[in-house]
Every structure is written in C-alpha cells, then in structure tokens.
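These notes are about the structure you will find just below.
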Amino acid sequence: MDAATASGGSSATDVNVNDNVNDNANDNANTAVDKIREKDGVSPGGGLFDSDTDVRDAEHAIDTGAGRKRLTLTFQDVTVRVQASGAVLGETLFSRIDPRVLLASIGGAKPPQRDILHEVSGQVLPGEMLLVLGRPGAGCTSLLRVLANDRASFESGSGTVRGAIHYGSMDHVAARRFRQQITLNTEDDIHFPTLSVDQTLTFALKNKTPRTRPMDGQKDSPTDSQTFVAAARSRVLGSLGIAHTAHTKVGNEFIRGVSGGERKRVSLAEVLAAQSPVQLWDQPTRGLDSKTALEFVEMLRHAADTDRTTVVATLYQAGNAIYDAFDKVLVLAEGCVLYYGPARAARAYFEGLGFVCPPGANIADFLTSVTVATERQIAPSHAGAVPSTPQEFVAAFRQSAVCQQMRAREVDPATRVDEVADLQAAVAGEKTERRVWTVGPRSVYTAGLLDQIWHCTVRQFQIMLGDRLSLGVKIFSATVQALVCGSLFYNMPHTSLSTFLRPGVLFFPVLYFLLEGMSETTASFTGRPILMRHKRFGFYRPTAFCIANALTDIPVVLVQVSLFSLIIYFMAALQTDAAKFFTFWAVTVACTLCFLQLFRAIGALCTRFGLASQMMGLFSTVFFVYGGYLIPYNRMHPWFRWLFYLNPGAYAFEALVANEFDGLSLACVAPNYVPYGPGYDDMGITATRGCTVPGSDAATGLIDGVTYIREHFNYSPGHVWRGFGVVVAFWVFFIAVTALAFEFRSSSGGSSVLLFKRHFRSAAKVPDMEDVPVSEQEKEGATGAALTPPAESPSASAPRQSTFCWHGLDYYVKHQGAQLQLLDKIFGFVQPGHLVALMGSSGAGKTTLLDVLAQRKDAGRITGSILIDGRPQGISFQRLTGYCEQMDVHEDTATVREALAFSALLRQPQSTPRREKLAYVDHILDLLELRPFADALIGVPGAGLSIEQRKRVTLGVELVAKPTLLFLDEPTSGLDGQSAYNIIRFLRRLVDGGQAVLCTIHQPSAVLFEAFDSLLLLAKGGKMAYFGPTGDRSHLVLDYFARNGAPCPPDTNPADHIVEVIQGKAGGRTIADWVDLWDASPERDAAYQKMLTLASAGADNGPPAGDDLEYASPLPFQFRMVLHRLMVQLWRSPDYVWNKINLHIFAALFGGFTFWKMGNTAFDLQLRLFAIFNFVFVAPGCVNQMQPFFLHNRDLFETREKKSKTYHWLAFVGAQIVSEIPYLIICATVYFACWYFTVGFPVKASISGHMYLQMIFYEFLYTSIGQAIAAYAPNDYFAAISNPLLIGAGLITFCGVVVPYAQMQPFWRYWLYYLDPFNYLVGGLLGTVIYDVPVRCADQEYTVFDPPANQTCGEYMGPFLQYSFGYVADPDATAACQYCAYSTGGDYAKTFNLNEKYYAWRDTGITALFCISSYLMVVVMMKLRSKKTKSARSE
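The sequence shown begins at 1 in full-length UniProt numbering and counts up by one.
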C-alpha cells in the first residue's frame, strides 16, 4: 500500500522530510537533549554526567591532536545469506556414529539458505545517529556486524554478503586498513574480572596513545605519554561518573566487582579510548535503569554533535527521550526494511498506514509492534487493509515518498574522498614515532608491536596479581611437590643403587610441569572473547598478546622452578657442583615454559573445549611415554621412534640426565654386585664377581656415568646444551603457533539455531512464533490486544493462595569492619490476584529486598517480621514459593517439557498423582504459549531458545511447582519491547487466576507499568518512598506525587517520572524529602494498617499439611529424577562422551603398539611395568575434561535448584557419581580391547578377566578423585591447577614404580605407601600378568664373570641362588658365567613388594575399597562446600 495515499497527513510529513532530512537532522535531537537537561536538572554525583562540561570532557579527554576523523557510512542493497538453520535436531551419542546421519552429511543435498538481511540500504553522515529497531531475529545485530566490516563470520561457511558498503569513499576491502576506526561494541560487557577499572582503562588508553602527544590541543607543548594517559584517564573516569570505582575490580558473575551499570560504563570508556569515527553499538543500555540509559545515549548525542562521529545503535525498550536523541531510524523485520528515514517522521508514517500509537507509549516499541498481532493496534478505518507480512511492509515503504526522498538525498560515496584523506592523515599522526618493530603505514594499530607487547605484559601481571589465590596455589603446589619428591629420593647414595633412582628424580620435574601445564588449556578459553574484542578495537594484535603471555610466564616459572630446584636438587643429593645445579635449573625452566606454551597453543587451535581436552590428553600421553624414561631411545619400536624427536620433554630429560651423570662415578654394591652374601663378600673386587649395571668396570667395581647413559639411554654429555637449545626453539615455535591461531581466528556469528530432540519427527514443521505471518497469529481485533487474558484462557491459579506480609524489615552487612544498612524499615504485602512492582533507582536495594523476602541471602543480618498467612516463614517456604532470577539458568540439553516436568515432579507434593502433575505441565505450556517448543532443547543463546523464550521457560519452571507466591527479578531485562510485553502479559494472566506476584522492574513502558496493581518504591539507602495501588492509568500514584509538588508532564512515561522524582531530579525535593513525606503521609498509614490486618487474618489458623517438609519428595525419588536427567544430559552431550572414549581408544592403541608383543627378557619385565604405568596416565586428560562438566552441573544446582529446595545435595552428588559409571565401564572396555592383546599379555580368562576388572576399578578411582576436587573447587581453573599436586605428588609418586618399595625412605614407606591407592592399582595389574612369566635374558642382559678355579658356574653360584633371584645360563660352564637377574616374573614382582601371587587379588580388593572411599570423599567435599552457603541470620 502506498503510504503517501494512505493518509492525508502522510504526504505532508513526507514533504517535511524532504525539506529537512539532512540540513536540520541534528536540530531535533539537540532540542530533545536540551529539554532532557532542563527536565532532569543536575544532581552532584547522581548521574552519568554532572554537567555539559563533563560530557565534553569525556569526548575530548583523549584528543589526539592529529585532526578530525570523520567518515560517512553508506550501505546499499546489503544482503546476507547464510545456511538456513530453522529447527534442526540436536545431536546425541548415537547420532555421531549413525550411518544414516554420516551418509546424509557426506552425500546429502546442500542445506537450504535464507536471507537474514535482504536489500538493506541507508546512509549515516558524520554527526548523525541511526537507531536500528527490530525484534530478536530481525537481523539488527547481523546488520551491525556487517557494517563493522566483520564479514568473516558470515562468509566462513556457505554464506555470502552482497551489496556495497562504503566508509567515506572506501569499499569494505580498502577499509580493512582502518579496522580500528570502525568499532562494534557488543551487548556483553566482557572484561578481565580481576583487573580494576583504572587498570582496564589505562591499558586501553596506552594502546591508542602515541609516544608524545600535545596537551589540551597545544601543539607547541608536547606531553609525554604517561602524563597524557594519566590525565585522560582521570577525566574519562570523572566524566563517566565512575571515578570512585577506579581501584575496584571490574568483576563478573562470579567475582565481586563494580555494579552492572558501572561495568557498562567501563565498556563505554574502552570505546571512547578507541577514538573511532564510526561507532556501532549493539544493545548498549541493556541492564541499565532508564535514567542511566538516557544519560548514556545523551553522551552519544553530544559526541556526534561535537566530534562528528557516525553512530549506529540497536536498543531495546528505548524510551521516547532516548528515541528523540536519534536522527534516523531503520526498522527491520526478518531482515527486511520496514522503514528508513527521519526518526521524527516514523510515527506519522506508520499511522498513515493505519496503525495506532497508544497514548504515552514508547515510539520505538510502537514501530516494532506493527508486525505483532498480539500488540499492534489498527485504526477502525484501516481494518483489514494494513500490511501483514514483512514483504508487504517492504512494498509499501518502497512506494512511499519517504523512501524516494531518502534515496534522493543520499550523498554519492565517491565524493567523500576528502574524508578518507583526512582520516589517513589523522591516523598517521596518531602512530608512535619509534620505528623499531613499530607500525607500518598500512598497519591498523596505533602502537608499535614492542609497545603492544609491553602494555600486554604489564596487564598480564596485573591480572595475575589480581588472582593471587591461583598464583599462590601454583607456587605452593610446586613447593610441596619438591618437598615430597625430595624426601622420597632423599640423600641418594653414590652407589649402583641410585642408577635407577637418579633418572627417576630427573624425570620428575619434566613430568610434574607437564601435568601442571595442562591447566593452560582451560585458561586459554577464558580470555578469548576479550582478545577478539580488543583485536576489533585495534588495541593490539594477538601476536603481542601471545608474546606477553609467554613473557609473563617467566617470572612465575623462575620462582616455581627455583624453589622446586633448590629443594629437590639438594635433598636428593645430586652432584654438588654449581655449574651442574644451574644447568639443571636452566633446563627445567625452559622445559616448563615450553609445556605451558604447548598447552596454550592447543587451546588456541581448538574451537571447542572438548576437542582441546582430548588433544591435551593425547599430547600428555605421547610426551610421557616417549620422553626417554619409560622406554630408552634404543629400545623404542621404529614406527614410533620419530615421536622422540618431536617431544621437547625428551630433549629436556636427555639434558638433565647427561648433565647429572657426566663426571659421576658410582660404586657397584649388592644386590647389583653378584654374587653377594656369606662366602662371597670377603672376596672383595675380583674377576669372579660381576656388576649387573651397564657401564661397570669389572676391574675396579665402578660404574662410569657417561658409559652408563650411553649404553642404557644412548645419551651423550655433549647433548646437554643441544637439548636446551631445542627446548627453547620449541617454546618459540609454540608461541608462534598460538599467535597464528589467534591472528587468523574470526569471531563467531551467523543465524541462530532452534534445536529439537532426536526422534521429534515434526521438528522441521514447527515454526518460531516470529516467523508466523501475523494474519495466522492470534487476531487482536480493531483496537489491539490487552494485557488481560482472553475469556477462554484457562486459569493458572495454584490450589493454595496465601497472603505475604512483611514489616520493620532491616538488613545489615559487614562493610570495612562496620555494619552497613541496606534496607531500612521496609513494610508491604502481596495478596492473591495482585501484581506488585518493586521499583527504585540503581542501588536502592530492589534485588536485595527480593532476596531477603525469598530467603536467598547467605550473609548479613536481618531484623523484622516476614509472614505468610500470618505465620513466620517455615522450613517449606523456599519450596512453596517461586523465584525467577535475572539470569536464566537451565540445563541446556533438556527440552522445555522436560525442564518443566522435572520441576513439577519434584516440587509438587508427593501425594499429587504423577499424571496430574504432568497434566499441569501441559497446562502451563499452553498458558505461556510454549507448546510449539515443548520438545525443543533449551540450549544456549544462538543455539537453542531465544532470550525471550528462555525467560518464559524460567517462569514456567517456577509455575509448575504451584507456588503460593512468585518472585521475579527483572523479568524483562535484555528483552525487546514486544518480548517484555509478552512476559508481563503472561504475569497478568497468572495474577487474574489468583497468583500473588512480586516483581522488580527497571524500564517499564507506560503500557507495561499500567499492568501492575501496586507499587513499592525504594529510594537510595533502601528507604521506602511509596507503597500502594497504582490505580487506573496510574492515577493514584501520580496524584500522590502531584500533590507533593511533582506532577507528571503530559506524554511522559509514569514509571520514568516516578524514578526521576525520588532521585531528586524533579519536583524540587531531595531524596530525604520524599522519604520523610512518605513517612508522614496518610497513604503510608492506610497501607500499614491494611498490612497489619492481612497479617493477623490467618494467624489463628494452623499450618497446612506439608508445611513441615523441607522437600516435597523423598530422597530416593529425588535421586532417581536427578539421575535420569543426568543420563539424558550425557546422552545428548556427544562431545563430552566421545572425547573421553576417543581418548581411551587412542591411548590404548598408542600404548599397545608402543609396547607391542612384549617378550620375556629381563628388560621386557620392566616394559610390562611401564605398559601398566602408562595406563595410569589416561587419567589427567579425562579428569581435566570431566571437572568443567561437573562444575557446570554444580553451578546449576547451587544457583537455582538448591535455593528452591528442588532436591537435596545428596541426590545431586549421588546422581552425579552414578551417571558416569556406564561410560566409565565402556571406556575401560575399549581400552582393554585395544591395549591388552596388542601388548601381548596372556589371553587366559583368569588373567585377562582380572585385568579387566582392575581397569574398571581404576576408571572409578580417578573419576571419583577428580570429582572430589571439583566438588570443592571454586572454578575450573582452580581445579585444573590442583590436579597435578594431588595426582602427581600424592598418588603417582608413592605408588612404588618410580621409587621401588625397598628404596623408598622409611618415613614414607611405612604409612603413605600403604595409603596410596595407585600402589594397589599397579600391584593388582602387575602381579596378574607378570608372576608366572619365565624369564630368558637377552645376550646383552647377562652379567658375565669367571668362577673360581676348578668350579663350574653352577657350583659357584649355587649357594647364592638359594636365597636370591635369577639363574645361570650354563651351570656346567667353567668360564664366562652368564647370570640373569630374574628367573621368573615373580622375582621381578618381589622387588615391588609383591611377595606372593595372591597379592594381585588382594590389591584388587583394596582398590575396590579405595573406590568406595573416594566416592565418599566426593560426598564429604560437597557437604563441606554446602556448609559454606548459609542463610543470612534472622533476628
């Protein structure tokens, strides 16, 4: 339909557009801002800016002095086509190997494609602001990404980007040179949480500031960079109103720091530091209250006016004052342009099409509501004649005069050559002056590479010092490991007895720091989004970040290795030579740095943590086996020997061994000097005795160290510094790999995916509600939908309705040693069938009050009364109430129906039949309009439900419990206007069905605010400013403020007006005045009396049945439900399960072919031991993968389900343990099948079955140990750095392999050796396969000596063999006796304290007991953590 003919007013509007679209584009916005200023007034420290001067200070604080940078942004017919995601099936464990799925992915038809943006055109001149509006999925964020020249995320697959985008006169290819001049600020405030605000901003400024800079625009008075940065930082922080937070950590959801609004301002400060002429903002006001959001947009307006920046922003729930600050608006729906033109003309345009903008409504919400049947209102004269689909809207707009005039007024990009020239000159003037490793003329960075590395290095040190706990754990672990290891090898003798021990103690630093380095893979995923953000801003290149990380490692490693070396070197009595000690120290430092960088490179190369953990496990296994310790180089099979040369640990171990044994001479003593004992020892050193150690001299009885390592390891002292150099080269290589991986990695993006569970056959036919044409949606009639439910809507009332009252409520917390009061004498009530809004300025205590009322506070002191039906809150209160937190926390592999059913079955009374509970779930699905998505996986944003759908699921999870009272914290935060409307509409349905609801809300529109029955208003300091009914069209609450000198201006949102009033921004009164006025008002007395009446009404009645139960369901039922959910979660987590299985398959095959078909020589006995010992090292990779999975589930439990009393912590930990067991058995099975037969162990059932059973027990053992660590650890990284200490120092060290029982220090031998479960694990495995093996030494393994004259070898050795091991090859020989140290595998087993064959079964039984005790330790650790979260103390 032609808009020009749709309404008489439309044409007039179009003519006005033609006259003023560019010439006066900014006048309207400036006037709007001036009106805002006049209305708001100035409050010292109370807002984002305290004056216009402060605003300009923020904009000019980083004045480059290099000229103005201005760019016109022009985009013409931009179309983005990507693979159509729509509704697809989620993956399962079986789908990864389903032949049908694999064949379809290989040879199937190409997936369909769809346009997420379709022929989008527009132009934004310097000094203009464009507002992009649209519902979620409309393409707003995609448009901003394309305009930011971020095409890689769309073009990486089969997607394409068509159309022309110009920055000045540059096309998108030429604009890549100026990437940092086009900044996109995403809606997520991602920062390093341990950095302070001051450190975060200083870092940004340093990377955008040249070495010298004029101050205050005075070209002749240059200022050094430090002075400039300090001045700029001070002015920016002060201007943004966050100077008081300078030394406060930025924080995140887990680390306490600045508030959400303040964190948003930190993001703003970073963008200001970027000083880009083109700024694109994606939801910058998300999470801010209306006042702060307005001041934020006001800042953008001033920046556009004074610096002529080009601004494009997307906003949700933008108030009219915010909307008025923009020059142009672009409305999108399904990627199509519904309108593009002046912001002030948009309302008239759509009204000309026949739509009605309700009085007081936000214009932005009105513009996006025209495609939503449940919200839009149509003028009676246009009923049935308005556009319905996006395509119809596009056709109407293209025919309109607005469209034609906007095209006519567009400036040809080719004429903007001067902008590019000015930009080039300005950018050149900003770059640093030093020309050593600095930026070239075509670089996108302001600072040189050396400067970037220095700045990143300083920041990394600040991050490290900000997380002192993790740093302390790393140093503490290294110290403890050194003490334990040093004491284990304490004072090794300079005899042949240490020839086995010395390589062991030298391999220990290689092994320990290999295990510790694995934590870097986990850490590498933490800062990746921040790296990508700063790369877009042009702060530094990823290479600088990677080099800085490597440099930051050096001082920490120096401290770790110095402590480690000083302790272990001298405790173990290695050679006391300064040169050798410092060589040991230097090689260990290089090896540690190399391993840290190796695992960091693995993390950089992998896009998913599951794949990274799998690679981590594979590399650690390869490096352990082919490090030269388990299998000497000359004994390696040729097909894997090449791995030795690719292993930095092998070169480090060779250097350490060669360094120690060079110049070492050891005396050969019994039991290595044979024969020994009565009748032999008095012979002394003689030719009739021989030494079993390679490299010995029969004439002297001494072992030359160089000869020993040459014969046994094929090492040479000349390779010490060669090995050191190779390790350093590997370190540099891994740094380069990490840098290249991040340099070429692009940010993720594309269209969102709606996932359905497998076997849901109609998934492809289920549409998203946003894709349904409005003509097929719910019909709203001529005047639009109201917030009341339709007559046919079923009631959602809970069977039990209760009245909730509180009075005299105070809340105190400890702050800097004093009691800080956050709530002050609060009272109120919520009745069944009432929707109560809890509002106030930022920091007034809204969420605090909600948490106190809902018993969610775990610290502080509470005084006052909280009553439900006149009785104090009982033990069942948290179970009987629903609490929807601001964060939508769900188990992402569950479907919507499963999530609701889980809550209903566990939280409704046990007496309610299961069928009735599930029927109620269906009822809630219908009520919340979730039926089309009932079988959709919740997923994560971008791969699952949308944010608004997740909000509805959060609400549904609480509603199915049939709560007597419902609490909601910011249910509309982060939603667009229509989604917020839907949430409040659903709440209204609940309330009209009898539900009692208390809800905090930040930025309600006039329409949403009218849905609330009552208002509880809080002022700063947690003080009451109003409580009572709002009235029809909010007249009661507005009358109260009008009578006290603060009338609400016409066309002003009542909610915004009320919040501004109690901030002291209107009405000529201070905050204290409004608090005092309320305390003395008759409205306060009436509300208080009504509260007392309601509180006493039900006090005489006894508590209902079931009120004495903390949980609705018994513990066994809880366990079954949680176990079922976890089993489904694992089935739908193929990455996690298959990574674990694949790691076992690889490790088994690798170990099997490494120890291929072992024989029965003496050395083969040692190989059998090491083949078993290698199996132990499957644990680190699996544990590091398992712990994040455990912690994810624990966070879900602690965040939501524990607080709602859904189930007991015992049910959680028990189900977590049992759910892993089937997959552990599968892992043990595949490892056994791939490994046992390839190494050549006996196939006899009694032996192989015993081995299989012991391997299953080990899977249980290491998993339970990892779960015990995770149960108490605060986060993933802490758990990862704790693993080496426990697994390395506590388990592997004392299992009797590295140091045999007989050579272990007595202090450890008699207690810790017997407490080490790995001791019994190895004993059960080794004793089974080795005891009955007949040994036949190879020729080079015999010890050769001559018997005394006139004696045969048998006669001479006979007495010795009666009490010792071994045999003589030819007892009848009279010369050159060949003695083999072992005759059977049992002889070898006895050296490891396996004195009898039955010890193997004994050790298996003890291993089973340790499995049980380890699982009990998981329970204990979870219990200890549960005790840490107590409820706040009530008085």
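Ideal Cβ positions, reconstructed from N, Cα and C, are used throughout, including at glycine.
Remember, it's a predicted structure, so these values are computed and weren't measured experimentally.
Grouping DSSP H, G and I as helix and E and B as strand, with all else coil, what is residue i?
i            : result
residue 807  : strand
residue 839  : strand
residue 376  : coil
residue 512  : helix
residue 606  : coil
residue 170  : strand
residue 179  : helix
residue 185  : strand
residue 333  : strand
residue 1272 : helix
residue 1328 : helix
residue 847  : helix
residue 1024 : strand
residue 1012 : coil
residue 1243 : coil
residue 1156 : coil
residue 826  : strand
Quick one: what's residue i bridged to in DSSP?
i            : result
residue 114  : 82
residue 1311 : Per DSSP, none; premise fails for residue 1311.
residue 871  : 868
residue 492  : Looking at the DSSP assignment, residue 492 forms no beta bridge with any residue, so it has no partner.
residue 120  : 78
residue 696  : 703
residue 1441 : As shown, the chain starts at 1 and ends at 1435. That puts residue 1441 outside it, with no answer to give.
residue 1377 : 1345
residue 341  : 329
residue 1367 : 1380
residue 160  : 81
residue 673  : 691
From residue i to residue j, what does the alpha carbon distance come to, in whole angstroms?
i            : j            : result
residue 911  : residue 1112 : 9 Å
residue 1093 : residue 804  : 12 Å
residue 1135 : residue 611  : 8 Å
residue 175  : residue 1217 : 55 Å
residue 53   : residue 127  : The predicted position of residue 53 is uncertain, since its pLDDT is 43 and thus under 50; a value taken from the coordinates is nonetheless stated next. Their backbone Cα atoms lie some 19 Å apart in a straight line.
residue 1070 : residue 1053 : 21 Å
residue 1313 : residue 583  : 32 Å
residue 1011 : residue 1197 : 33 Å
residue 729  : residue 651  : 11 Å
residue 722  : residue 1274 : 42 Å
residue 535  : residue 193  : 19 Å
residue 986  : residue 82   : 34 Å
Please look up how many angstroms separate the CB atoms of residue i and residue j, rounded, as I've assumed it's under 8 Å.
i            : j            : result
residue 829  : residue 1091 : 5 Å
residue 838  : residue 846  : 5 Å
residue 1326 : residue 1392 : 7 Å
residue 277  : residue 423  : 7 Å
Within 7 Å: the Cβ of residue i and any heavy atom of the ligand ATP?
i           : result
residue 870 : Of the ligands one can find in the structure shown there are none, so the ligand ATP has no counterpart to examine.
Please tell me whether residue i has its Cβ less than 8 Å away from any Cβ of chain B.
i           : result
residue 687 : Absent from the structure: chain B. Only one protein chain is present.
- request: Decide yes or no for the touch test of the region 193-201 against the region 231-244: beta carbon pairs closer than 8 Å, at least 3 of them.
  value: yes
field: Contact between the region 1246-1254 and the region 1195-1213 (3+ Cβ pairs under 8 Å)
entry: no
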